[in-house]
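Trainee:
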Amino acid sequence: MRCTGLVHVYRVSGTDVAALRGADLYLAPGERIALLGPSGSGKSTLLGLVAGLLRPSAGTVLVDDLEVTGAGEAALHAYRAGTVGLMLQGVHGNLLPWADPVANVRHATAGRPGAGEEVLRLVGLHRERRAVERLTPSARQAVALAVALARRPRLLLVDEPTNMLTPADRDALLDAFVEATAGTTVLMVTHDEAVAARMERMVRMRDGRIAAEGVRESPFAVIGTDGSVPLPDRVLGHWPPGARVRVVEEDDGTLRLTREDPS
Ligand SMILES: Nc1ncnc2c1ncn2[C@@H]1O[C@H](COP(=O)(O)OP(=O)(O)OP(=O)(O)O)[C@@H](O)[C@H]1O
Numbered sequence: 001m002r003c004t005g006l007v008h009v010y011r012v013s014g015t016d017v018a019a020l021r022g023a024d025l026y027l028a029p030g031e032r033i034a035l036l037g038p039s040g041s042g043k044s045t046l047l048g049l050v051a052g053l054l055r056p057s058a059g060t061v062l063v064d065d066l067e068v069t070g071a072g073e074a075a076l077h078a079y080r081a082g083t084v085g086l087m088l089q090g091v092h093g094n095l096l097p098w099a100d101p102v103a104n105v106r107h108a109t110a111g112r113p114g115a116g117e118e119v120l121r122l123v124g125l126h127r128e129r130r131a132v133e134r135l136t137p138s139a140r141q142a143v144a145l146a147v148a149l150a151r152r153p154r155l156l157l158v159d160e161p162t163n164m165l166t167p168a169d170r171d172a173l174l175d176a177f178v179e180a181t182a183g184t185t186v187l188m189v190t191h192d193e194a195v196a197a198r199m200e201r202m203v204r205m206r207d208g209r210i211a212a213e214g215v216r217e218s219p220f221a222v223i224g225t226d227g228s229v230p231l232p233d234r235v236l237g238h239w240p241p242g243a244r245v246r247v248v249e250e251d252d253g254t255l256r257l258t259r260e261d262p263s
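Just so you know, we're using full-length UniProt numbering here: the sequence shown kicks off at 1 and counts up by one.
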C-alpha cells in the first residue's frame, strides 16, 4: 500500500478543515503498522481514504495495482469485498448484533468457507451461541476481528481495536490479533503505545502528516515527498514555524541544523 501526498479537507458549515496535509506512507506486503498521534492528527481520515470510504482532496492511495482514490464504484466494491478487511470503531461497526459469532462470520463470506471460524476457534468463541450483543466488549471485538479476516483480506484496516478494554482483555485480544494476522498487511490506528508496540512498525502523525517513526524515546523523523523534515515535538517549542535554520552538510555526511539568531 502506498499513500502519496494525501490531502483531505472537510467542509463544515462553510469552513474548511484540513485533516491531511500531504501524508505519505508505504506498507510492504505482510507488514503491520500502528498509526499513533494526537487526537485530530488525521489518523481516522487516512484510514477512511485507504478503505475507499472517502475521496481525498489531492494525492493517491495505491493498493496492489488498484488506485483506490481514483477507482469507480464497481472497482471499489470489489476492493472492499476482496482485498481489504475493516475493523472499525464501535462494536456494531461490522457485526450483526442479534446473531451469534459463527453466523456473523458466515454472513461475511455469504456462507462460503473462510478464515472466520478459524479465528473464532483461536479465541475460544466457535461454540458460543449467544448473540453478539450479549457478549462482553472484548468478545465482541474478537468476533469483529474474525469477521474482518473472514474473507482472508490482503490488507486489514483497524481503528482502535482495544478501546475500552481492560488491560488483561486488551492483551488477550492482542495475542489473538497478532497470531491471526500473521502474513496480512495491517494498518492499525491506536492511542495505546502498548498496543502499537505489538506491531512491526510504529508511525506517528502530527497535523495531518506522517511526522515520525519508531518508539517515543528515539523516533526517526520521516521526510515528506516535498522534502520537508518534521522537527521532533521537543524541538518545536523553541524552533517555531517560520524560524530560519541553516542546513549544513559536514564532511562526514552529517547534517547540522543551526537556528539563525531571532534577534
Ligand atoms: N466528518 C468530519 N467532518 C468535519 N471535520 C472532520 C470530520 N472528521 C474529522 N474531522 C476533522 O479532521 C481532523 C482530523 O480528524 P481525524 O478524525 O482524522 O483525526 P484522528 O487523528 O483520527 O483523531 P482521533 O484520535 O480523535 O480519532 C480533525 O480536526 C477533525 O475535527
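Note that CB positions come from ideal geometry on N, CA and C, so glycine has one too. All figures in this text were calculated on a predicted structure; none of them were measured in a lab.
1) Entirely within the stretch 147-228 and at least 4 residues each: give me those alpha helix (DSSP H) ranges in chain order.
2) Do P153 and T184 count as a contact pair if the criterion is CB distance below 8 Å?
3) Span of the alpha helix (DSSP H) holding V17?
4) Can you list, in chain order, the residues of its chain whose CB lies under 6 Å from that of R201, leaving out five sequence neighbours each side?
5) Evaluate P56 with the Cβ neighbour count: other Cβ atoms within 10 Å of its Cβ, from every protein chain shown; 16 or more gives buried, anything less gives exposed.
6) Between the beta-carbon of G85 and the beta-carbon of R151, is there less than 8 Å?
7) My understanding is that L46 touches A23, with C-beta atoms under 8 Å, so please give their C-beta distance in whole angstroms.
8) Using three-state DSSP, classify R55 as helix, strand or coil.
9) As an exercise, report each continuous alpha helix (DSSP H) stretch of at least 4 residues that is fully enclosed by the stretch 85-132, in chain order.
10) Please confirm whether any heavy atom of ligand 1 lies closer than 7 Å to the CB of S228.
11) Rounded to whole angstroms, what is the Cα-Cα separation between W239 and S228?
12) Is S13 near ligand 1, with its Cβ less than 7 Å from a heavy atom?
13) Please report how far the alpha carbon of Y26 lies from the alpha carbon of R206, in whole angstroms.
14) Quick one: what's got a C-beta closer than 8 Å to A131's C-beta in the same chain, skipping five residues either side?
15) Buried or exposed: where does S41 fall if 16 or more other Cβ atoms within 10 Å of its Cβ makes it buried?
16) Compare the C-alpha of E118 against each of T69, D252, A71, A176 and name the closest.
17) What separation, rounded to the nearest whole angstrom, lies between the Cα atoms of V222 and E213?
Mentor: Here's the rundown:
1) 167-180, 193-196
2) yes
3) Premise fails: V17 lies in the beta strand (DSSP E), 15-26, not in any alpha helix (DSSP H).
4) Cβ neighbours of R201 within its own chain (closer than 6 Å, five residues either side excluded): I33.
5) buried
6) yes
7) About 6 Å separates the beta carbon of L46 from that of A23, a gap short enough to meet the 8 Å contact definition.
8) coil
9) 101-108, 116-122
10) no
11) Using only the alpha carbons, I get a separation of about 15 Å.
12) no
13) 17 Å
14) P97, W98, A99, D100
15) buried
16) Per the Cα distances, A176.
17) 7 Å
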